[in-house]
């Protein structure tokens, strides 16, 4: 696969494993064993059983008729919001918890931004009976409070992070510090396609069930496996990696990655990494990274906690650089209007992250004979406080 990882952990010039010496044994053990373990028959049987009976897969591929009429093209929504815990994140945590048990780990740590990965991790830790510590930026704990309470109810310890911008980047920093201090018994369940090799490849493989199902479901519904467009939002990029995975080597399928422009790409309050980023190293891998001229990381901004990240997964950096995927930047205002539009046209309240992907529809101009698949990565229940506050402020300004 031209766009897949090579044996050294690189996607083109991006990727690799830039790690402290203390973590080398853990990452090397994972690199040496992950493919063998996840390809074992017993592992696959256990994972497939959990994905079917616990997560609720396959998720529906829903033809959104009223949305299709609005944009004069055929639009399908891949309903990852209907997964147990409300987002695509659990596809990966199910796989990683089974892997951690086979590696003999007894303690799980994770980072989370929007809280969906934290909830998914807390869920599988409860299922497996393992200790769970989740690091979360203090600002994110406030704007995603329902997910914080869910994690605690599931038995996890949620650690608010007060350093830096108090968001996802800083939560990831604290999780890595924890891992360095507990290298023997701890597995770090990274939630996105970021981090040192083999994490980007491993997470993408666990999320690839999304595109695998899309191909089968489109064949049933349209008589063909390939859509014309696959659209997904991108922060670190896990849901996009899963939605793109089985279409990467299908040049007829246009891959559209949607980033958060925040208050505007050039406003100084943005997370549009493919446009604003340049090559750098963050959280153990070489990728596109928003940074100052002297290499200091630029604080990102987005109304969506899950897209509020200054870098992007190395595979996505490669897709952006080679032009295999088209990257679009959507502002807070555009995303919130798309959220309202889907709620009122289809009766589905999407996560704010997902709403960025929906807002890209107006830029596609796909045409009536085209098939567009949008990965509906999560539901908006967790965002209700942010949604209500945003629209109350908008009404107050009118």
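Residue numbers (this note's numbering): 52 to 449. Every residue, glycine too, gets a C-beta built ideally from N, C-alpha and C.
Quiz item: residue 274: buried (16+ other C-beta within 10 angstroms of its C-beta) or exposed?
Solution: Classification for residue 274: exposed.
Practice problem: Have a look at the DSSP bridge pairing and note the partners of residue 426. | Solution: Residue 426 is bridged to 129.
Self-check item: Sequence-distant residues of its chain with Cβ nearer than 7 Å to residue 434 (five each side left out)
Solution: So the qualifying residues of the chain are 402, 403.
Quiz item: Going along the chain, which residues of its own chain have a beta-carbon closer than 7 Å to the beta-carbon of residue 419, five neighbours each way excluded?
Solution: 123, 124.
Quiz item: Just how far apart, CA to CA, sit residue 388 and residue 163?
Solution: Those two C-alpha atoms are separated by around 25 Å.
Quiz item: Excluding five sequence neighbours on each side, which residues of the same chain lie with their C-beta closer than 6 Å to the C-beta of residue 423?
Solution: When the five nearest sequence neighbours on each side are left out, the beta carbons in the same chain lying within less than 6 Å of the beta carbon of residue 423 are those of 124, 126, 280, 417, in order along the chain.
Practice problem: Could you tell me whether the Cβ atoms of residue 415 and residue 393 are closer together than 8 Å? | Solution: No, the Cβ-Cβ distance between residue 415 and residue 393 is not below 8 Å.
Self-check item: Alpha-carbon spacing of residue 269 relative to residue 376, whole angstroms
Solution: Each residue's alpha carbon lies about 21 Å from the other.
Quiz item: Hey, out of 136, 276, 239, 322, whose CA is closest to residue 74's CA?
Solution: Comparing C-alpha distances from residue 74 to each of 136, 276, 239, 322 shows the shortest one belongs to 239.
Quiz item: Can you name the start and end residues of the beta strand (DSSP E) that residue 378 belongs to?
Solution: Looking at the DSSP string, the run of the beta strand (DSSP E) that includes residue 378 is 376 to 382.
Self-check item: Segment limits, alpha helix (DSSP H) that includes residue 238
Solution: Residue range 237 to 239 is occupied by the beta strand (DSSP E) that includes residue 238, with no alpha helix (DSSP H) assigned at that position.
Practice problem: Within 10 angstroms of the Cβ of residue 427, are there 16 or more other Cβ atoms? Answer buried if so, exposed if not. | Solution: So residue 427 counts as buried.
Self-check item: Beta-carbon contacts of residue 85 that lie in its chain and below 6 Å, excluding the five residues immediately before and after
Solution: The beta carbon of residue 85 lies closer than 6 Å to those of 249, 253 in the same chain, with the five residues before and after it left out.
Quiz prompt | Within 8 Å, strictly: CB atoms of residue 245 and residue 334 | solution = Going by C-beta atoms, residue 245 is nearer than 8 Å to residue 334.
Self-check item: Beta-carbon contacts of residue 149 that lie in its chain and below 7 Å, excluding the five residues immediately before and after
Solution: Closer than 7 Å at the Cβ level, and outside the excluded window around residue 149, lie 94, 97, 98.
Quiz item: Below 8 Å, can you find three or more Cβ-Cβ pairs linking the stretch 224 to 235 to the stretch 141 to 148?
Solution: The stretch 224 to 235, when compared against the stretch 141 to 148, does not touch it at the 8 Å Cβ threshold.
Quiz item: First and last residue of the beta strand (DSSP E) that includes residue 336?
Solution: First-last of the beta strand (DSSP E) with residue 336: 336 to 340.
Quiz item: Looking only at C-alpha atoms, which of 112, 205, 158 sits nearest to residue 136?
Solution: The residue from 112, 205, 158 with its alpha-carbon nearest to that of residue 136 is 205.
Quiz item: Can you tell me whether DSSP reads residue 69 as helix, strand or coil?
Solution: When DSSP states are grouped into helix, strand and coil, residue 69 belongs to the coil group.
Quiz item: How do the stretch 164 to 177 and the stretch 294 to 310 stand: do at least 3 beta-carbon pairs fall below 8 Å, yes or no?
Solution: Segments in contact, no.
Exercise. Throw me the rounded Cβ distance for the residue 261 and residue 407 pair, which I believe falls under 8 Å.
Key: Incorrect: roughly 17 Å between the Cβ atoms, too far for contact.
Quiz item: Counting along the chain, where does the beta strand (DSSP E) carrying residue 348 start and finish?
Solution: That residue, residue 348, is in no beta strand (DSSP E); it is neither H nor E in DSSP.
Quiz item: The alpha helix (DSSP H) spanning residue 91 covers which residue range?
Solution: It is not in any alpha helix (DSSP H) - residue 91 carries neither H nor E in the DSSP assignment.
Practice problem: In the DSSP assignment, find the beta strand (DSSP E) that holds residue 329 and state where it starts and stops. | Solution: In the DSSP assignment, residue 329 falls within the unbroken beta strand (DSSP E) covering 329 to 333.
Exercise. Quick one: which unbroken beta strand (DSSP E) runs of 3-plus residues sit fully inside the stretch 286 to 318? Chain order, please.
Key: Taking only runs of at least 3 residues, the beta strand (DSSP E) segments lying wholly in the stretch 286 to 318 are 305 to 313.
Self-check item: Sufficient close CB pairs (3 or more, under 8 Å) joining the stretch 282 to 301 to the stretch 170 to 178
Solution: Flag = no, the stretch 282 to 301 and the stretch 170 to 178 do not touch.
Quiz item: Which runs of the beta strand (DSSP E), 3 residues or longer, sit entirely within the stretch 133 to 183?
Solution: If only uninterrupted beta strand (DSSP E) runs of at least 3 residues are considered, those enclosed by the stretch 133 to 183 are 158 to 163.
Practice problem: Could you tell me which residues DSSP puts in a beta bridge with residue 218? | Solution: DSSP lists no partner for residue 218.
Quiz item: So the alpha helix (DSSP H) residue 417 belongs to, where does it begin and stop?
Solution: DSSP places residue 417 outside any alpha helix (DSSP H), giving it a letter other than H or E.
Exercise. Evaluate the contact criterion for the stretch 187 to 200 versus the stretch 105 to 118: three or more CB pairs, one atom per stretch, below 8 Å.
Key: Contact fails: fewer than three Cβ-Cβ distances are below 8 Å.
Practice problem: Say whether the stretch 350 to 362 touches the stretch 316 to 323, bearing in mind that this needs 3 or more beta-carbon pairs closer than 8 Å, one atom from each stretch. | Solution: When C-beta atoms of the stretch 350 to 362 are compared with those of the stretch 316 to 323, three or more pairs fall below 8 Å, so the two segments count as touching.
Quiz item: Where does residue 188 sit, in a helix, a strand or coil, going by DSSP?
Solution: It is a strand residue.
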